[in-house]
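Novice: Protein chains in written order, with this note's numbering: chain A, 1 to 289; chain B, 1001 to 1289; chain C, 2001 to 2289; chain D, 3001 to 3289. We treat Cβ as the ideally placed atom computed from N, Cα and C, and that holds for glycine. Everything numeric in this text was worked out from a predicted model, so none of it was measured. To start, I am sharing the structure in question, which I have written as structure tokens.
4 protein chains.
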Amino acid sequence: MENRQPQSATLLIYCEDRSGIIAAVTDFIHAHEGNIIYLDQYVDAEEKIFFMRIEWDLQTFVISPDKIETLFKEGLAKKYKMNYRLSFSDEKLRMAVFVSKLPHCLYDIVSRCQSGEWTIDIPLIISNHKELEPVAKSFGIDYHYIPITPENKSEQEAKQVELLKRNNTDFIVLARYMQILSGDFIKNYPSQIINIHHSFLPAFPGAKPYHSAHKRGVKIIGATSHYVTADLDEGPIIEQDVVRVTHVDSIKDLIRKGRDLEKIVLSRAIYAHFQRKTLVYKNRTIVFN
Amino acid sequence: MENRQPQSATLLIYCEDRSGIIAAVTDFIHAHEGNIIYLDQYVDAEEKIFFMRIEWDLQTFVISPDKIETLFKEGLAKKYKMNYRLSFSDEKLRMAVFVSKLPHCLYDIVSRCQSGEWTIDIPLIISNHKELEPVAKSFGIDYHYIPITPENKSEQEAKQVELLKRNNTDFIVLARYMQILSGDFIKNYPSQIINIHHSFLPAFPGAKPYHSAHKRGVKIIGATSHYVTADLDEGPIIEQDVVRVTHVDSIKDLIRKGRDLEKIVLSRAIYAHFQRKTLVYKNRTIVFN
Amino acid sequence: MENRQPQSATLLIYCEDRSGIIAAVTDFIHAHEGNIIYLDQYVDAEEKIFFMRIEWDLQTFVISPDKIETLFKEGLAKKYKMNYRLSFSDEKLRMAVFVSKLPHCLYDIVSRCQSGEWTIDIPLIISNHKELEPVAKSFGIDYHYIPITPENKSEQEAKQVELLKRNNTDFIVLARYMQILSGDFIKNYPSQIINIHHSFLPAFPGAKPYHSAHKRGVKIIGATSHYVTADLDEGPIIEQDVVRVTHVDSIKDLIRKGRDLEKIVLSRAIYAHFQRKTLVYKNRTIVFN
Amino acid sequence: MENRQPQSATLLIYCEDRSGIIAAVTDFIHAHEGNIIYLDQYVDAEEKIFFMRIEWDLQTFVISPDKIETLFKEGLAKKYKMNYRLSFSDEKLRMAVFVSKLPHCLYDIVSRCQSGEWTIDIPLIISNHKELEPVAKSFGIDYHYIPITPENKSEQEAKQVELLKRNNTDFIVLARYMQILSGDFIKNYPSQIINIHHSFLPAFPGAKPYHSAHKRGVKIIGATSHYVTADLDEGPIIEQDVVRVTHVDSIKDLIRKGRDLEKIVLSRAIYAHFQRKTLVYKNRTIVFN
């Protein structure tokens, strides 16, 4: 990290709420000639937990990037018993994408990366089906076909984890991946696996939500992006959105309208995640602006 | 009905789908010099049911208003085994409002009637609490305080029904009425009782949906207006809408934001109902445009 | 102010952006045993202006409410050349409402006040027409009929201002008031007059926006609430919202759908204003969360 | 067309409104054993114009597909002086895409075609820049680089038209194409050129709408898809949508949020067009459901 010159540093913090934390953190940056370019904080009044996201310019900051963590850890983090995550503007996260047969979310994700809209890398795509290999190919991304059966599941998941580790994967996106990940798998990536569910959770969890929505006669359908936990479709919600439907819309129409929702909701969640705008506390997310 | 001169007539129809129904109905109107001013139809392809709403100008129509029903009944309705409802533009529906302690929906509803925005009458307000009597008074509407306990429920409901009948009530609106109506009560007004539930159904049915929504950490909250059936919060949905929330919003904020949603969603449902734009079939609504 | 015990104090601040302001303000509160319950800040990077809203609990704060302003003024405000506004949670703003003939916004506003949803007072309603006097009456609010003609305008506006001052009016809401206020009038209440315009500004400024929207064939209509400045429909926007329309919607339908928009958009703007969540800088608003 | 077996036929019709048109058209289909699977109609009461979209099953229809047009033309179309367009479910439209440097709309469009979500062909992409050639390549679509200067414009447009004709192009999509088409060019494709403008028209027409939106301080931004006419940004609107922004959003944020809007709005407009759901009359569109 010797010659590294990131433009800015970002701290995501949470800890028990106490008077004076904001003053202490802003003082720390100010005292070392840093200029705050973003600050947002939030106190969960019920849980008495303080959450903060702060970003500051490193141009004039007198502590070198590789020393910041140690200093912060030994100083404020210790004093206030903070959970924190420090990141720098020149770090490029590595994202693995899991897919099955539906291509729309995958196209949307890889297009955003290839066009430079998103500054993240996609080292690999993993699938339990072969259908989307041509898409991966045309975008020049490695595609790993790893079929899953009840019998081979734990073995195949081990293979997946091995691949992910070898590729230094930071986080995983399930882009309409039609397999349930085991608790063991999930433990490897806590709050680092993002799923898109094609309903307005907690309405219509599980399989075939559009069919259920049609049957119930709802006037609005939704999509939900959330971090994956061991409880299916119960993880902390990152983003949701909805679209109007009417009695005229068949299940096929719901699927068509929902597809566009899924793309946009998943993409917004991924964006918030790699911009380090999300914090998870007790099954809820704080998504900074 | 001798001297009656309604401007237009409206037919709401549903029946088994067969070829030629639209032609037959439009022919019926055309052949008697009526001019169609609205036509919308929908076929439920799965159930093979045909639904239609048609409105025509009566100025040049050669059948007099009081003869239309008989003619239609003996002719097309018989031939196609139609369920239908005929109404005229000069009919003013009579709506009863049930409330408990929360005033926001009530204010919205009575304001719309008093200002002439809605052409319906509110002969009476019924409540299990006394709190909103002053509101009813200031708008000059009869207020009936009918407290409900588990013990007196069936007796009090009988009293309510008697009041409703005596006031020639066409339909009932539960404007945040915090009592569950019995199946016996509901049978008196099939598809004529409109409720507002303060969640995006089927998510968070039952009590305290804002608390549940906050706990689950959803990013959008909703409100749902539906016809009341014997299954609590399971009736056919008329209208839904949503509003964004964030981690910053406390339960109090959800309640505040939700209040505005409840008002607008309930009002849209009432409007669709008294404009005869709704049809119910097998727990789903057709809401014509 | 001797015996006054407000629960919290709120500071709205803006000044030239300099390093260390957040630390200084949070230190000021922290050093005097105050507990921050809300903090939001924003830097306009282009204009290099710092904006902040901070609220703190006064229970343990060692400076008495009536001394805070002097101390802050002489200390931080002077040092950083701050524009600021200090308010306390027990202050109840006084709002005048101007109307013409359309009642929907007026009903919505007075209902919210009468029901206790909003903690503001409405000492008076002013109108250039007599139509809405009964509404004012039924809510027990003084109604002043002040007709305006080109000839008597300045004279009548002087009368309005006199009435407003005598009633200690803090801010004014134009609830579909169909008269243009003169620059002279506006000068009395800078950033304290809130208007609702029935279009998605800057589209369709001026008269008859629904007619223009219909003619242009837009697929969405809107409403805009803004602070009134000398330039008609050009003042800083506080809130906007929209609703879908289709080719089917006549001008009458746009007016009907728009009415609901106007109510909600105006009410959200009023809420943000009396909660001291708004700041104006160079014809744009900062609306804190 | 001998062996052709389309599943259904669709008629888009408009003509002067007269009593009996619906009956006549539905009779025509019914009398020849066709089964109506979609009917929507609309009367512009002011202009006294009747619009209709009707689709019917051809399985049992006794007139062969290649004879329908002649019969309809000589019969009903003549009688009622109808403008009409007949199409069959097995026709696949051919769409040309014009782009400049921004890739997001292009990616979205070609992904939808390649994945089979849309049943249209893209024979060619035309651009005044070279930047997006690799995207076209990776999707296997011909890319024609045709730079435009004030001097060579009419010559280059002639070349474009020649290419379009040679490729049997049915309609054209301007996917953030940063060149104004001449009136001469447009005449070749009346109501067949779809543009996406990155604002909520009629607000912010012309160049740099996000900069203007930021300057004006709007709280919502939009995107508009419309048919191209000789008047810049004045053509009939097909679809619009919006997204919320706040004071916090910089111009860069507006561009980012707007990108997603542009994609979805343009895609919805293209879908409505190739599904033959749009009709244009006097600078407004009828977009059937």
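(1) In this structure, how does DSSP classify Y14 of chain A when only helix, strand and coil are distinguished?
(2) With 8 Å as the threshold, decide whether the Cβ of S3191 of chain D is near any Cβ in chain B.
(3) Residue range of the alpha helix (DSSP H) that G2976 of chain D falls in?
(4) Between the region 3005-3021 of chain D and chain B, which residues of the former have CB atoms less than 8 Å from a CB of the latter, in chain order?
(5) Of all the CB atoms in chain C, is at least one closer than 8 Å to the CB of M1001 of chain B?
(6) Identify the continuous alpha helix (DSSP H) that holds G2183 of chain C and give its terminal residues.
(7) Which residues in the same chain as P6 of chain A place their Cβ atom closer than 7 Å to its Cβ, once the five residues preceding and following it in sequence are excluded?
(8) So which of B:K1081, B:R1085, B:R1053 and B:R1268 has the shortest CA-CA distance to I1068 of chain B?
(9) Could you tell me which of C:D2040, C:N2152, C:D2044 and C:S2019 sits nearest to D3249 of chain D, measuring between CA atoms?
(10) Quick one: using the 10 Å Cβ neighbour count with 16 as the cut-off for buried, is A269 of chain A buried or exposed?
(11) Closest to L93 of chain A by C-alpha separation, out of A:D233, A:I120 and A:A136, would be which residue?
(12) What residue does the beta strand (DSSP E) around D3040 of chain D start on, and which one ends it?
(13) Taking 8 Å as the cut-off, decide whether the C-beta atoms of I2193 of chain C and Y2227 of chain C are in contact.
(14) Could you round the C-beta distance between A3175 of chain D and L3076 of chain D to whole angstroms and report it? I think they count as a contact, below 8 Å.
(15) Run through DSSP, which three-state label would H3211 of chain D get?
(16) So if DSSP puts G222 of chain A in a beta bridge, which residue, or which two residues, is it bridged to?
(17) Please look up how many angstroms separate the CB atoms of H1247 of chain B and V287 of chain A, rounded, as I've assumed it's under 8 Å.
(18) What's the C-alpha gap between Q1114 of chain B and I1141 of chain B?
(19) In the region 230-244 of chain A, which residues sit with their C-beta less than 9 Å from some C-beta in chain B, listed in chain order?
(20) Once DSSP output is grouped into helix, strand and coil, what is the label at V2062 of chain C?
(21) The beta strand (DSSP E) with V3228 of chain D in it runs from where to where?
(22) If you compare alpha carbons, which of B:E1155, B:G1183 and B:K1165 is closest to D1231 of chain B?
(23) Please check if any C-beta of chain B sits within less than 8 Å of the C-beta of T3026 of chain D.
(24) Could you confirm whether any beta carbon from chain A is found closer than 8 Å to the beta carbon of D3121 of chain D?
(25) Distance cutoff 8 Å, beta carbons only. Does S1212 of chain B sit that close to anything in chain C?
(26) What is the DSSP secondary structure of E3157 of chain D, counted as helix, strand or coil?
(27) What number of angstroms, rounded off, separates the C-alpha of D3260 of chain D from the C-alpha of I264 of chain A?
(28) Taking a Cβ distance cut-off of 7 Å, strictly less, list which residues of the region 1266-1288 of chain B are near chain A, in chain order.
(29) Work out the CA separation of Y3038 of chain D and L1039 of chain B for me, nearest whole Å.
(30) Please identify the residue among C:T2169, C:H2198 and C:I2063 whose C-alpha is closest to the C-alpha of R2004 of chain C.
(31) S1199 of chain B to S199 of chain A, Cα distance in whole Å?
(32) Could you name the residues of chain A that L2039 of chain C contacts, counting a contact when the two beta carbons are closer than 7 Å?
(33) With a 10 Å radius around its C-beta and 16 neighbouring C-beta atoms as the bar for buried, classify H2273 of chain C as buried or exposed.
(34) How is F288 of chain A classed by DSSP in three states: helix, strand or coil?
(35) Assuming Y1145 of chain B and I1172 of chain B are in contact, meaning their beta carbons sit under 8 Å apart, how far apart are those beta carbons, in whole angstroms?
(36) Following the continuous beta strand (DSSP E) through A2096 of chain C, name the residue where it begins and the one where it ends.
Specialist: Per the coordinate set shown:
(1) Locating residue 14 of chain A in the first sequence gives position 14, counting from the first residue. Y14 of chain A: strand per DSSP, three-state reduction.
(2) Position 191 of the fourth sequence holds residue 3191 of chain D. Under the 8 Å criterion on CB atoms, S3191 of chain D is classed as non-interfacial with respect to chain B.
(3) Residue coverage of chain D in this structure runs from 3001 to 3289, which leaves residue 2976 of chain D outside it and unanswerable.
(4) S3019 and G3020
(5) By one-based count along the second sequence, residue 1001 of chain B stands at place 1. Low confidence applies here, because M1001 of chain B scores a pLDDT of 46, under 50, leaving its location unreliable; read the following figure in that light. Judged by the 8 Å Cβ criterion, M1001 of chain B is not in contact with chain C.
(6) Position 183 of the third sequence holds residue 2183 of chain C. Per DSSP, G2183 of chain C belongs to the alpha helix (DSSP H) from G2183 to K2187.
(7) Within the first sequence, residue 6 of chain A is the residue found at index 6, counting from 1. So the list reads L58, P65, F88, S89 and D90, once near-sequence residues are dropped.
(8) Along the second sequence, one-based indexing puts residue 1068 of chain B at 68. Proximity to I1068 of chain B across B:K1081, B:R1085, B:R1053 and B:R1268 peaks at B:R1085, based on C-alpha coordinates.
(9) Start at 1 with the first residue of the fourth sequence, and residue 3249 of chain D comes out as number 249. Per the Cα distances, C:D2044.
(10) Position 269 of the first sequence, counting from 1, holds the residue named residue 269 of chain A. A269 of chain A should be labelled buried.
(11) Position 93 of the first sequence, counted from the first residue, corresponds to residue 93 of chain A. The shortest Cα separation from L93 of chain A among A:D233, A:I120 and A:A136 belongs to A:I120.
(12) Looking up residue 3040 of chain D in the fourth sequence gives position 40. First-last of the beta strand (DSSP E) with D3040 of chain D: N3035 to D3044.
(13) The residue labelled residue 2193 of chain C in the question sits at position 193 within the third sequence. The residue labelled residue 2227 of chain C in the question sits at position 227 within the third sequence. Yes; because the gap between Cβ atoms is below 8 Å, this pair is in contact.
(14) Here residue 3175 of chain D refers to the residue found at position 175 when the fourth sequence is read from its first residue. Here residue 3076 of chain D refers to the residue found at position 76 when the fourth sequence is read from its first residue. Contact annotation, A3175 of chain D with L3076 of chain D: C-beta distance approximately 38 Å; criterion of less than 8 Å not satisfied.
(15) Locating residue 3211 of chain D in the fourth sequence gives position 211, counting from the first residue. Note: H3211 of chain D maps to helix in three-state DSSP.
(16) Position 222 of the first sequence holds residue 222 of chain A. G222 of chain A pairs with A:V242.
(17) Here residue 1247 of chain B refers to the residue found at position 247 of the second sequence. Here residue 287 of chain A refers to the residue found at position 287 of the first sequence. With a Cβ gap of about 6 Å, H1247 of chain B and V287 of chain A count as contacting.
(18) The residue you call residue 1114 of chain B lines up with position 114 of the second sequence. The residue you call residue 1141 of chain B lines up with position 141 of the second sequence. Cα-Cα distance, rounded: 10 Å.
(19) E234, P236, I237, I238, E239, Q240, D241, V242 and R244
(20) The residue you call residue 2062 of chain C lines up with position 62 of the third sequence. Correct three-state label for V2062 of chain C: coil.
(21) By 1-based counting over the fourth sequence, the position of residue 3228 of chain D is 228. Segment: none, V3228 of chain D is in no beta strand (DSSP E) and carries neither H nor E.
(22) Locating residue 1231 of chain B in the second sequence gives position 231, where the first residue counts as 1. Taking only the C-alpha atoms, the option nearest D1231 of chain B is B:G1183.
(23) If you number the fourth sequence from 1, residue 3026 of chain D lands on position 26. For T3026 of chain D, at least one C-beta of chain B is nearer than 8 Å to its own C-beta.
(24) Counting from one through the fourth sequence, the residue named residue 3121 of chain D turns up at place 121. Not closer than 8 Å to any Cβ of chain A, the Cβ of D3121 of chain D fails to qualify, so no.
(25) What you label residue 1212 of chain B is simply residue 212 of the second sequence in a count that begins at 1. For S1212 of chain B, the answer is no, since every Cβ of chain C falls outside 8 Å of its Cβ.
(26) The count along the fourth sequence starts at 1 and reaches residue 3157 of chain D at position 157. E3157 of chain D falls in the helix class under three-state DSSP.
(27) On the fourth sequence, position 260 is the one that residue 3260 of chain D refers to. On the first sequence, position 264 is the one that residue 264 of chain A refers to. Cα-Cα distance, rounded: 7 Å.
(28) N1283, R1284, T1285, I1286 and V1287
(29) Taking the second sequence and counting its residues from 1, one reaches residue 1039 of chain B at position 39. Taking the fourth sequence and counting its residues from 1, one reaches residue 3038 of chain D at position 38. Going from the Cα of L1039 of chain B to the Cα of Y3038 of chain D covers about 13 Å.
(30) In the third sequence, residue 2004 of chain C corresponds to position 4, counting from 1. That would be C:I2063, whose Cα lies nearest to the Cα of R2004 of chain C.
(31) Counted from its first residue, the second sequence places residue 1199 of chain B at position 199. Counted from its first residue, the first sequence places residue 199 of chain A at position 199. Rounded to the nearest angstrom, the two C-alpha atoms are 15 Å apart.
(32) The residue labelled residue 2039 of chain C in the question sits at position 39 within the third sequence. Within 7 Å Cβ-Cβ: I22 and Q41.
(33) Within the third sequence, residue 2273 of chain C is the residue found at index 273, counting from 1. With 16 or more other Cβ atoms within 10 Å, it is buried.
(34) If you number the first sequence from 1, residue 288 of chain A lands on position 288. DSSP places F288 of chain A in coil when its eight states are reduced to three.
(35) Start at 1 with the first residue of the second sequence, and residue 1145 of chain B comes out as number 145. Start at 1 with the first residue of the second sequence, and residue 1172 of chain B comes out as number 172. Contact doesn't hold; Cβ gap of about 17 Å is too wide.
(36) Numbered from 1 along the third sequence, position 96 holds the residue referred to as residue 2096 of chain C. Where A2096 of chain C is concerned, the enclosing beta strand (DSSP E) stretches over R2094 to V2099.
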